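Enquirer:
Number of protein chains: 4
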Amino acid sequence: MAGPAGFTPVLDAAEVETVLRSMFPVSDVPYRVIEVGEGTLSVSQLCGRREARPGGVVSGPTLMALADASMVMCVVAHIGPEAMAVTTSLKMDFLTMCPLGEVVASVNLLKLSRRTAMGTVSIAAAGSPAPAAFATVTYSIPPTPSGLVNL
Amino acid sequence: MAGPAGFTPVLDAAEVETVLRSMFPVSDVPYRVIEVGEGTLSVSQLCGRREARPGGVVSGPTLMALADASMVMCVVAHIGPEAMAVTTSLKMDFLTMCPLGEVVASVNLLKLSRRTAMGTVSIAAAGSPAPAAFATVTYSIPPTPSGLVNL
Amino acid sequence: MAGPAGFTPVLDAAEVETVLRSMFPVSDVPYRVIEVGEGTLSVSQLCGRREARPGGVVSGPTLMALADASMVMCVVAHIGPEAMAVTTSLKMDFLTMCPLGEVVASVNLLKLSRRTAMGTVSIAAAGSPAPAAFATVTYSIPPTPSGLVNL
Amino acid sequence: MAGPAGFTPVLDAAEVETVLRSMFPVSDVPYRVIEVGEGTLSVSQLCGRREARPGGVVSGPTLMALADASMVMCVVAHIGPEAMAVTTSLKMDFLTMCPLGEVVASVNLLKLSRRTAMGTVSIAAAGSPAPAAFATVTYSIPPTPSGLVNL
Numbered sequence: 193m194a195g196p197a198g199f200t201p202v203l204d205a206a207e208v209e210t211v212l213r214s215m216f217p218v219s220d221v222p223y224r225v226i227e228v229g230e231g232t233l234s235v236s237q238l239c240g241r242r243e244a245r246p247g248g249v250v251s252g253p254t255l256m257a258l259a260d261a262s263m264v265m266c267v268v269a270h271i272g273p274e275a276m277a278v279t280t281s282l283k284m285d286f287l288t289m290c291p292l293g294e295v296v297a298s299v300n301l302l303k304l305s306r307r308t309a310m311g312t313v314s315i316a317a318a319g320s321p322a323p324a325a326f327a328t329v330t331y332s333i334p335p336t337p338s339g340l341v342n343l
Numbered sequence: 193m194a195g196p197a198g199f200t201p202v203l204d205a206a207e208v209e210t211v212l213r214s215m216f217p218v219s220d221v222p223y224r225v226i227e228v229g230e231g232t233l234s235v236s237q238l239c240g241r242r243e244a245r246p247g248g249v250v251s252g253p254t255l256m257a258l259a260d261a262s263m264v265m266c267v268v269a270h271i272g273p274e275a276m277a278v279t280t281s282l283k284m285d286f287l288t289m290c291p292l293g294e295v296v297a298s299v300n301l302l303k304l305s306r307r308t309a310m311g312t313v314s315i316a317a318a319g320s321p322a323p324a325a326f327a328t329v330t331y332s333i334p335p336t337p338s339g340l341v342n343l
Numbered sequence: 193m194a195g196p197a198g199f200t201p202v203l204d205a206a207e208v209e210t211v212l213r214s215m216f217p218v219s220d221v222p223y224r225v226i227e228v229g230e231g232t233l234s235v236s237q238l239c240g241r242r243e244a245r246p247g248g249v250v251s252g253p254t255l256m257a258l259a260d261a262s263m264v265m266c267v268v269a270h271i272g273p274e275a276m277a278v279t280t281s282l283k284m285d286f287l288t289m290c291p292l293g294e295v296v297a298s299v300n301l302l303k304l305s306r307r308t309a310m311g312t313v314s315i316a317a318a319g320s321p322a323p324a325a326f327a328t329v330t331y332s333i334p335p336t337p338s339g340l341v342n343l
Numbered sequence: 193m194a195g196p197a198g199f200t201p202v203l204d205a206a207e208v209e210t211v212l213r214s215m216f217p218v219s220d221v222p223y224r225v226i227e228v229g230e231g232t233l234s235v236s237q238l239c240g241r242r243e244a245r246p247g248g249v250v251s252g253p254t255l256m257a258l259a260d261a262s263m264v265m266c267v268v269a270h271i272g273p274e275a276m277a278v279t280t281s282l283k284m285d286f287l288t289m290c291p292l293g294e295v296v297a298s299v300n301l302l303k304l305s306r307r308t309a310m311g312t313v314s315i316a317a318a319g320s321p322a323p324a325a326f327a328t329v330t331y332s333i334p335p336t337p338s339g340l341v342n343l
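The listed protein sequences correspond, in order, to chains C, Z, E and G. The first sequence begins at 193 in the numbering used here and counts up one residue at a time. The second sequence begins at 193 in the numbering used here and counts up one residue at a time. The third sequence begins at 193 in the numbering used here and counts up one residue at a time. The fourth sequence begins at 193 in the numbering used here and counts up one residue at a time.
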C-alpha cells in the first residue's frame, strides 16, 4: 500500500543503511533495508537463536525493536539524516507466532509534518501473507537536531 | 497504588525469580524482582552501555522489553508458574529520557480473569518520582499450558 | 488493501445493515455500509452540526464511535449476526482535522480467530486520500452469544 | 494517586466547569467536575438510556468520550482556559461491563510540557473499586491558541 499522501523519499535504501551504520556499531545493526518508496520502507531481519523465546519463535521485544527501528529509518528516508526523530509512542498487537528465519517489516507513513510523524508497521515472516504483528508508531521531530534517535 | 480489586499473589519475589531463571539462561535475565504485592510487582534492571542508545540514555526497546517481562512476572506471581501468558498487545508512551543506571518498573494489574490479564507498567530511573515511560499491556492466558511466554 | 489472509465474508452490505438496524433503533444508526470485501468493510457517515466540535470539524468521539461501529460490522459481516463481539481495546491516532460532511471508514481485518478479532480502521473525509484518523481495534468473541455488542 | 511530578492546578473544579460551559451549549455537557488536585481531576457522568448499548450497560463510545473530555478538562485545569489542547491519540482498554448510573473518570497527568500532555483516565461505576475501562490519552498543545478542543 502506498502512503496516502504522496510522500516523497529523499534517500534510497543504501543511503538509509549508511545513516543507520553511522549511528550504530555494525554489530548492533541487524537490519537490512529492502526498499524505499513513497511513504513506505521495508526492512529485513534474520532472526535466530538470539531473537528466540522459549518455543522457538521470535520474541516480542525483537518485534517491537524491529518496528521502532523500521519507523525511524522510514522517517530518515523521507526527511534526511539530520532530522532525528524521537519515538513518543509505540503500540504493537501480536497476532500470531512468528517463526524464526527472515522477518520483514513494512512501514506506511500516515502523517509527516514538521513536528510529528506517525505510521504503521506490519511484520511478517518472509513470504507469509499474514502479519505476525502490527504496530502504530508516533515520533516527535525536535525543533533542532538533537543527535538522538530511539533505537 | 494497590491493585483495584484485591488481587492476591501466590508467589513471592524470590519464587518469581526462580520461575524466571528456570525459563531462561541466566545470562539472558537482566531483571531482579524487588517486591510482589496485591496486584502489583516491581522489577529492577541495571542499564549500562548495552542498553544505551546514542546520547547515553536507555533505549526504547530496552524499556519495552522490561515492561513486557515485568507484566509476565506479575501474572506469574498471581496465577502461578504453570499459567503461561502470551502478550497480545503492548503500548508504551515515552515521556522523558531515561538516564542509564538502575531502572525500576512498577506493574499494576487492572484485570485478571481466566482468559486475559491487563495491567499498566510505569518505568522510572531509581529514585525519580517522574516516570520515563508508561505502558499498558494485555495478555492472553491459553486454555492449556503451552510452555510459552513472551520474553 | 485486501485483508492479508483471504478472509471470506458471509454477509453483504445490505445484510450487515439489516443486522445493525435490528440491534438499534433507526434513529441511533447514522451509518451506511458501502461495501463488504474479503477482510474489509467500508462505512459512511454524514457528519453535521451534531457531530461537530467548536471549530467546525468532526469531533474525536464521533470518529471513535464510527471506528468502533465499523469494526463491529466488519466482524459481523465475516462471522454472521449471531457472533456478537465485544470491544476490548480501541486506539485512535488523530492525524488531521476532519471537515464536516461525508466521512468514510475503511476496515481491514488483520486477525479473525474463534476467540478474537483485530483490525485497523482508516477514516477520511469522502474523496480525500489522506486519513484524518487511524484506529486499531481488538474484539473478544464470547464463547456463547451474549446479545451484546459494543456500539 | 497523585500526579508523579508535583503538577499544580491553576483552576478549581468550578472554574473548569465554567470554561467547559463557555465552550459548549449546556445540553451538550453531561459532565460534572468533582475535584481538581495536583496532576489529577475527576469527572462524573450520569449514564442512562441515552448512553446505553443493548444489554443495559454503558456504551464504549460513551466511555471514550468521557475519557477524552476528562483529559481536556485536566489539561485546562493545569494550564488555563487559553491553552487549547488537541487530542492526538486515545487508547482505551475495556475491562468489565459498566452498569448504568453514575460513572466516575479519574485523570492522572503523567507528562505536561509546553508542547504535549499525556495522562491516564480510569473509569469506574461510582463506588466500585474495579475500573470498567482504562485509557491513555495524548494531547498536543498548539504554539498559539486555536480555539479548538477535541470534545
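Don't be surprised by glycine CBs; every beta carbon is placed ideally from N, CA and C. Bear in mind the structure is a predicted one, so any value in this text is a computation, not a measurement.
1. Nearest by alpha-carbon distance to residue 236 (chain Z): which of Z:293, Z:330 and Z:308 is it?
2. Give me the chain G residues within the contact set of residue 284 (chain E), using Cβ-Cβ distance strictly less than 8 Å, ordered along the chain.
3. Mapping DSSP to helix, strand and coil, what is residue 260 (chain E)?
4. What does residue 227 (chain G) pair with, by DSSP beta-bridge criteria?
5. Where does the unbroken alpha helix (DSSP H) through residue 345 (chain C) begin, and where does it stop?
6. Any idea what DSSP makes of residue 324 (chain G), helix, strand or coil?
7. Tell me which same chain residues have a C-beta within less than 7 Å of the C-beta of residue 280 (chain E), skipping the five on either side of it?
8. Three Cβ pairs or more, each shorter than 8 Å: is that satisfied between the segment 301-320 of chain Z and the segment 290-310 of chain C?
9. Using only the alpha-carbon positions, how far apart do residue 222 (chain G) and residue 238 (chain G) sit?
10. Give a yes or no on whether 8 Å exceeds the smallest Cβ distance from residue 232 (chain G) to chain C.
11. Here's a check: name, in chain order, each residue in its chain whose Cβ is nearer than 6 Å to the Cβ of residue 318 (chain Z), leaving out the five neighbours to either side.
12. Quick one: any contact between the segment 264-278 of chain Z and the segment 199-215 of chain Z, if contact means 3 or more CB pairs under 8 Å?
13. In chain order, what residues of the segment 252-265 of chain E put their CB closer than 7 Å to some CB of chain G?
14. Can you tell me which of E:258, E:205, E:202 and E:231 puts its alpha carbon nearest to the alpha carbon of residue 290 (chain E)?
15. Taking residue 318 (chain E) as part of the alpha helix (DSSP H), name the residues at either end of that continuous run.
16. For the alpha helix (DSSP H) containing residue 221 (chain E), name the first residue and the last one.
17. How is residue 306 (chain E) classed by DSSP in three states: helix, strand or coil?
18. Below 8 Å CB to CB, which residues in the same chain sit around residue 326 (chain Z) once its five sequence neighbours on both sides are set aside?
19. Can you pull the chain C neighbours of residue 330 (chain G), defined as C-beta to C-beta under 9 Å?
20. Using three-state DSSP, classify residue 210 (chain E) as helix, strand or coil.
21. Run through chain C and tell me which residues come within less than 8 Å of residue 326 (chain E), C-beta to C-beta.
22. How many Å lie between residue 341 (chain E) and residue 231 (chain Z) at the Cα?
23. Can you list, in chain order, the residues of its chain with a C-beta nearer than 6 Å to that of residue 226 (chain G)? Leave out the 5 residues immediately preceding and following it.
24. So, is the C-beta of residue 238 (chain E) closer than 8 Å to a C-beta in chain C?
25. Using a Cβ-Cβ cut-off of 6 Å (strictly less than) and excluding sequence neighbours within five positions of residue 224 (chain E), which residues of its own chain qualify?
26. When you compare each of E:323, E:322 and E:266 to residue 228 (chain E) by their alpha carbons, which one comes out closest?
27. Compute the beta-carbon to beta-carbon distance between residue 252 (chain Z) and residue 260 (chain C), rounded to the nearest angstrom, for a pair I have assumed lies under 8 Å.
28. For residue 389 (chain E) and chain C, any beta-carbon pair shorter than 8 Å?
29. Look at the Cβ atom of residue 201 (chain G), then the Cβ atom of residue 269 (chain G), and state whether they are nearer than 8 Å.
30. CA-CA distance, residue 256 (chain E) and residue 320 (chain E)?
31. State buried or exposed for residue 241 (chain E), treating a residue as buried only when at least 16 other CB atoms are found within 10 Å of its CB.
32. Residues in the same chain with beta-carbon distance under 6 Å from residue 211 (chain E), minus the five sequence neighbours each way, listed in chain order, please.
33. I'd like to confirm the pairing. Which residues does DSSP put opposite residue 286 (chain C) in its beta bridges?
34. Assuming the contact rule is C-beta atoms closer than 8 Å, residue 323 (chain G) and residue 301 (chain Z) should be a hit. Round their C-beta distance to whole Å, please.
Expert: This is what the structure gives:
1. The residue labelled residue 236 (chain Z) in the question sits at position 44 within the second sequence. It is Z:293 whose Cα lies nearest to the Cα of residue 236 (chain Z).
2. Along the third sequence, read from residue 1 onward, the residue named residue 284 (chain E) stands at position 92. What residue 284 (chain E) touches in chain G: 281, 282 and 283.
3. The sequence position of residue 260 (chain E) within the third sequence is 68, counting from 1. Residue state, collapsed to three classes: helix.
4. Numbered from 1 along the fourth sequence, position 35 holds the residue referred to as residue 227 (chain G). For residue 227 (chain G), which the question treats as bridged, DSSP gives the partners G:234.
5. Any question about residue 345 (chain C) goes unanswered here, given that chain C covers just 193 to 343.
6. Start at 1 with the first residue of the fourth sequence, and residue 324 (chain G) comes out as number 132. Residue state, collapsed to three classes: coil.
7. Position 88 of the third sequence, counting from 1, holds the residue named residue 280 (chain E). Closer than 7 Å at Cβ, skipping near neighbours: 330, 331 and 332.
8. No contact exists between the segment 301-320 of chain Z and the segment 290-310 of chain C.
9. As a working mapping, residue 222 (chain G) is identified with position 30 in the fourth sequence. As a working mapping, residue 238 (chain G) is identified with position 46 in the fourth sequence. Taking the straight line from one Cα to the other gives about 7 Å.
10. For the purposes of this step, residue 232 (chain G) is taken as the residue at position 40 of the fourth sequence. No, no contact with chain C.
11. For the purposes of this step, residue 318 (chain Z) is taken as the residue at position 126 of the second sequence. Cβ neighbours of residue 318 (chain Z) beyond the five flanking positions: 294 and 296.
12. Touching, per the Cβ criterion.
13. Near chain G, meaning a CB-to-CB distance below 7 Å, the residues of the segment 252-265 of chain E are 252, 253, 256, 257 and 260.
14. Here residue 290 (chain E) refers to the residue found at position 98 when the third sequence is read from its first residue. Checking every option, the nearest Cα to that of residue 290 (chain E) belongs to E:258.
15. Against the third sequence, residue 318 (chain E) aligns to sequence position 126. Note, residue 318 (chain E): premise wrong, no alpha helix (DSSP H); not H, not E.
16. As a working mapping, residue 221 (chain E) is identified with position 29 in the third sequence. Residue 221 (chain E) -> no alpha helix (DSSP H), and no H or E assigned at all.
17. For the purposes of this step, residue 306 (chain E) is identified with residue 114 of the third sequence, where counting begins at 1. DSSP, read as helix, strand or coil, puts residue 306 (chain E) in coil.
18. For the purposes of this step, residue 326 (chain Z) is taken as the residue at position 134 of the second sequence. Within the same chain, residue 326 (chain Z) has close Cβ partners 284, 285, 287, 312, 313, 314 and 315.
19. Sequence index remark: in the fourth sequence, residue 330 (chain G) carries index 138 (1-based). What residue 330 (chain G) touches in chain C: 280, 281 and 330.
20. Within the third sequence, numbered from 1, the residue matching residue 210 (chain E) stands at position 18. Helix.
21. Start at 1 with the first residue of the third sequence, and residue 326 (chain E) comes out as number 134. Near residue 326 (chain E) (Cβ distances below 8 Å), the residues of chain C are 302, 310, 312 and 328.
22. Here residue 341 (chain E) corresponds to residue number 149 of the third sequence, with the count starting at 1. Here residue 231 (chain Z) corresponds to residue number 39 of the second sequence, with the count starting at 1. Model confidence at residue 341 (chain E) stands at a pLDDT of 39, short of 50, so the residue's coordinates are unreliable; what they give is reported in the following sentence. Each residue's Cα considered, the two are about 29 Å apart.
23. Sequence index remark: in the fourth sequence, residue 226 (chain G) carries index 34 (1-based). Cβ within range, chain order: 234 and 236.
24. Indexing the third sequence from 1 puts residue 238 (chain E) at position 46. Judged by the 8 Å Cβ criterion, residue 238 (chain E) is not in contact with chain C.
25. The residue you call residue 224 (chain E) lines up with position 32 of the third sequence. Counting only Cβ-Cβ distances below 6 Å, and skipping sequence neighbours, we find 236.
26. Indexing the third sequence from 1 puts residue 228 (chain E) at position 36. Among E:323, E:322 and E:266, the Cα nearest to that of residue 228 (chain E) is on E:266.
27. Along the second sequence, read from residue 1 onward, the residue named residue 252 (chain Z) stands at position 60. Along the first sequence, read from residue 1 onward, the residue named residue 260 (chain C) stands at position 68. Between residue 260 (chain C) and residue 252 (chain Z) the Cβ distance is about 6 Å, and since that is below 8 Å, they are a contact.
28. What is shown of chain E runs 193 to 343, which leaves residue 389 (chain E) out entirely.
29. Translated into the one-based positions of the fourth sequence, residue 201 (chain G) becomes position 9. Translated into the one-based positions of the fourth sequence, residue 269 (chain G) becomes position 77. Their beta carbons are under 8 Å apart, which means residue 201 (chain G) touches residue 269 (chain G) by this criterion.
30. Taking the third sequence and counting its residues from 1, one reaches residue 256 (chain E) at position 64. Taking the third sequence and counting its residues from 1, one reaches residue 320 (chain E) at position 128. If I take the Cα positions, the gap works out to 19 Å.
31. Position 49 of the third sequence, counted from the start, is the residue given in the question as residue 241 (chain E). Exposed is the call here.
32. For the purposes of this step, residue 211 (chain E) is taken as residue 19 along the third sequence, with counting starting at 1. For residue 211 (chain E), same chain residues with a beta-carbon under 6 Å away, outside a window of 5 residues either side, are 268 and 273 in chain order.
33. Here residue 286 (chain C) is taken as the residue at index 94 of the first sequence, counted from 1. Bridge partners of residue 286 (chain C): C:325.
34. In the fourth sequence, the residue the question calls residue 323 (chain G) occupies position 131. In the second sequence, the residue the question calls residue 301 (chain Z) occupies position 109. Under the criterion of beta carbons closer than 8 Å, residue 323 (chain G) and residue 301 (chain Z) do not qualify as touching, at roughly 11 Å.
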